[in-house]
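For the sequence shown, our numbering assigns the number 684 to the initial residue and increments by one for each residue that follows. Backbone N, C-alpha and C define an ideal beta-carbon position, used for all residues, glycine too. Since we're looking at a predicted model, the values are computed, not measured.
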Amino acid sequence: LSTGLTTTPAIMARARVQASEKRTDRAARKFETVPVSKVFLAELTVVWTSLLILISWYLQRFVCPQMPIWVPAAAWYLQAVLATVTHMAGHVYWKSPLLSWWTVAHLGHHTADYPPNKFLSGSYEPAKEDNSKAYYLSMVLTPAIILSIAGDRSWATIAAAVVPGTFEMWLADVLHMGFHQEGYWMERFDWFIKLRTLHYYHHTRNMKTNYAVADFWLDSLMGVVQLSPIPA
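Next comes the structure, spelled out in structure tokens:
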């Protein structure tokens, strides 16, 4: 086959070795899941969409009248699409060295750092290979594409094309670190425990569900949302 893919065992072995080389001794335990419904997913999308509409209206009304009103929301959703594609690529077993480093780095987080039976730890253990580097391209492409369509080059429009996607990735990083940290300050919120549950399912079985972190609209469209454990 000329698919550019390599064997699953080889990639998984490399990921485990790489992660185990830097893993330190730490208390870790399995996470107890909570029920999550489709209504919760819908509520997330409604909340984020409403916030984006409000912010877009405010910016055009009071800050930058010439800014196309769709820019902030478009930047948010385009970043979500490109970030999801990047994340999914980290679960593909590429043969190309240019792409396989991302799979090895990302699956090391799944299989060695935080497997399902050690999903939580006292403090977050970063991956040996910085996973954030894989998302830099999406953070450059998003404003570039938005600005090429918008036409306006005012400072406010540029900021509206850059800030939403940047904030989205920062928020995803903060939440993700909290998902794996026992005693994290957000555990007091029910919505956080539900998001953590969804991410826990992402670490189980074939690891190809629940790619998102805070809004699962794209996962829903692709049919890869997992709301409950998959029977063994």
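Residue from the options whose Cα sits closest to the Cα of residue i
| i | options | result |
| --- | --- | --- |
| E865 | F802, Y760, A855 | F802 |
| H851 | G834, Y818, W838, L790 | It should be pointed out that residue 851 corresponds to Glu in this sequence rather than to His. Nearest C-alpha to E851: Y818. |
| V907 | Y894, H793, G834 | Y894 |
| E715 | H863, D902, D898 | H863 |
| K816 | H770, V746, Q743, D796 | H770 |
| A842 | N814, S739, Y884 | S739 |
| L922 | I913, K778, P912, D902 | The question about residue 922 has no answer, for the chain in this structure spans 684 to 915. |
| Y760 | Y867, H885, V846, I913 | V846 |
| K713 | K721, Y797, F745, P748 | Y797 |
| D856 | L820, V768, V717, D813 | D813 |
| V768 | K778, L820, P912 | L820 |
| D804 | L735, I913, Y867 | Rather than Asp, the amino acid found at residue 804 in this sequence is Ser. Minimum Cα distance to S804 is reached at Y867. |
Contact under 7 Å by Cβ, residue i with residue j
| i | j | result |
| --- | --- | --- |
| T825 | Q762 | yes |
| T728 | W838 | no |
| G848 | M822 | yes |
| G773 | H793 | no |
| V730 | L910 | no |
| P799 | T732 | no |
| A897 | A758 | no |
Residue i classed as buried or exposed, judged by whether at least 16 other C-beta atoms fall within 10 angstroms
| i | result |
| --- | --- |
| D708 | A caution first: D708 carries a pLDDT of 44, below 50, which makes its placement in the model too unreliable to give a value. |
| L742 | buried |
| K877 | buried |
| L904 | exposed |
| G791 | buried |
| L737 | exposed |
| L881 | buried |
| R836 | exposed |
| K811 | buried |
| L854 | exposed |
| E808 | buried |
| L724 | buried |
| A795 | buried |
| R879 | buried |
Range of the contiguous alpha helix (DSSP H) that encloses residue i
| i | result |
| --- | --- |
| T825 | 819 to 833 |
| H770 | 754 to 772 |
| K816 | Unbroken run through K816: none, as it is neither H nor E. |
| H885 | 873 to 885 |
| V896 | Looking at the DSSP string, V896 is not in any alpha helix (DSSP H), and its letter there is neither H nor E. |
| M860 | 838 to 862 |
| F723 | 721 to 741 |
| W777 | Run containing W777: none; DSSP gives neither H nor E here. |
Are the segment 869 to 881 and the segment 782 to 791 in contact at 8 Å, needing three or more beta carbon pairs? no
On the three-pair Cβ rule with 8 Å, is the segment 771 to 783 touching the segment 746 to 761? no
With three or more beta-carbon pairs closer than 8 Å as the criterion, would you say the segment 873 to 893 touches the segment 827 to 836? no
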